[in-house]
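Take a look at the structure set out below.
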Amino acid sequence: MLQAAGIGAGDEVIVPAYGNPEVAEAVILAGAAPVFADIDPDTYCLDPTYVRACVSERTAAVVAVHRFGHQADVAGLRGLAQRHGLFVLEQGESQKPYEEAAQRRAHATYLSGRLSGLRTPTGSDGHTYQQYVVRVPGNGRPDRDAFARALRGKGVECSVPVKTPVHRMPAFRRDVALPETERAADETLALPVDAALSKRQLQRVVSACNALGGLLQPAF
């Protein structure tokens, strides 16, 4: 897509640092330079306000990555792009079968209505819950990683969706301030939400998480 848009040497492309490095790698392969902008803390997608602050004379495009089933604010990015003469390219994640979306939404509603002590996902319109990503507050001890270890010890599978933001990886290291990206990388945890889960399995997830509520208390 970058090459088809005529983007190459001397150009800059604004991309998210919260996620995998493939988008930044594609920018470099096209001969351009990736510029990292911060994300919306609810959708984990690029925030047009932060993107605006990254626009320079060399900026040629913005890559909006849809994350976890959330849709990026493409309308906001296109409005910005029109004012600055930029391309807006969209990158989706690997999609699970569409017919399972309704069941995943039902599971997500169940979890969000019963989990305590965690910040549950914002169920905005169109959210397909490719992943059910919660926040484990980082003001207590143990932190998100300890919480995840404790969950796995109770037989609940969970994963850290983004362990290292791209701008902190050696190949792409940049000295930029991306507080929402850093906070999301420190706090996010993906819980099971697959359509095949049974009610008993969902109850097990809720019970295990809520039983660890004490881990989320601030450390004094």
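My numbering puts the first residue of the sequence shown at 114, with every later residue one more than the last.
All C-beta atoms in this analysis are idealised placements derived from N, C-alpha and C, irrespective of residue type, glycine included.
Take residue i and list the residues in its own chain whose beta-carbon comes closer than 6 Å to its own, dropping the five residues that flank it on each side.
{"i": "Arg180", "result": "Tyr157 and Cys158"}
{"i": "Val120", "result": "Val is not the amino acid found at residue 120; the sequence shown has Ile there. Answer for Ile120: Ala143, Ala145, Ala173 and Ala174, listed in chain order."}
In chain order, what residues of the same chain lie with their CB nearer than 7 Å to the CB of residue i, ignoring the 5 residues before and after it?
{"i": "Val318", "result": "Leu224, Val269, Leu304 and Pro305"}
{"i": "Gln316", "result": "none"}
{"i": "Ser272", "result": "Ala303"}
{"i": "Phe333", "result": "Confidence in Phe333 is poor, its pLDDT being 39 and thus under 50, which makes the residue's placement too unreliable to answer from."}
{"i": "Ala214", "result": "Thr241"}
Going by C-alpha to C-alpha distance, which of the options sits closest to residue i?
{"i": "Arg248", "options": "Thr162, Pro278, Glu203 and Ala297", "result": "Ala297"}
{"i": "Ser311", "options": "Arg286, Arg281, Ala221 and Leu115", "result": "Ala221"}
{"i": "Phe285", "options": "Pro274, Gly132 and Gln116", "result": "Gly132"}
{"i": "Cys167", "options": "Leu115, Val128, Glu212 and Arg313", "result": "Val128"}
Let me know the secondary structure DSSP gives residue i once reduced to three states.
{"i": "Leu118", "result": "What sits at residue 118 in the sequence shown is Ala, not Leu. DSSP places Ala118 in coil when its eight states are reduced to three."}
{"i": "Phe149", "result": "strand"}
{"i": "Phe200", "result": "strand"}
{"i": "Ser272", "result": "strand"}
{"i": "Thr222", "result": "helix"}
{"i": "Thr233", "result": "coil"}
{"i": "Thr294", "result": "helix"}
{"i": "Pro305", "result": "coil"}
Check whether the Cβ of residue i sits closer than 7 Å to any heavy atom of the ligand ADP, and report yes or no.
{"i": "Asn323", "result": "You won't find the ligand ADP in this model; it holds no ligand whatsoever."}
To which residues of the same chain is residue i closer than 8 Å at the C-beta, ignoring the five residues directly before and after it?
{"i": "Pro154", "result": "Glu293, Arg296 and Ala297"}
If residue i and residue j are in contact, beta carbons under 8 Å, what's the gap, nearest whole angstrom?
{"i": "Glu135", "j": "Thr172", "result": "Going by Cβ atoms, the distance from Glu135 to Thr172 rounds to 20 Å, so no, they are not a contact pair."}
{"i": "Arg165", "j": "Leu142", "result": "Not quite, the Cβ-Cβ distance comes to about 26 Å (not below 8 Å), so this is no contact."}
{"i": "Arg217", "j": "Ala308", "result": "5 Å"}
{"i": "Pro274", "j": "Gln243", "result": "Their Cβ separation, rounded to whole angstroms, is 10 Å, which puts Pro274 and Gln243 out of contact at 8 Å."}
{"i": "Val201", "j": "Val178", "result": "At roughly 12 Å, the Cβ-Cβ gap does not stay under 8 Å, so Val201 and Val178 are not in contact."}
query: Which whole runs of the beta strand (DSSP E) in the segment 151 to 188 are 3 residues long or more, in chain order?
result: 172 to 178
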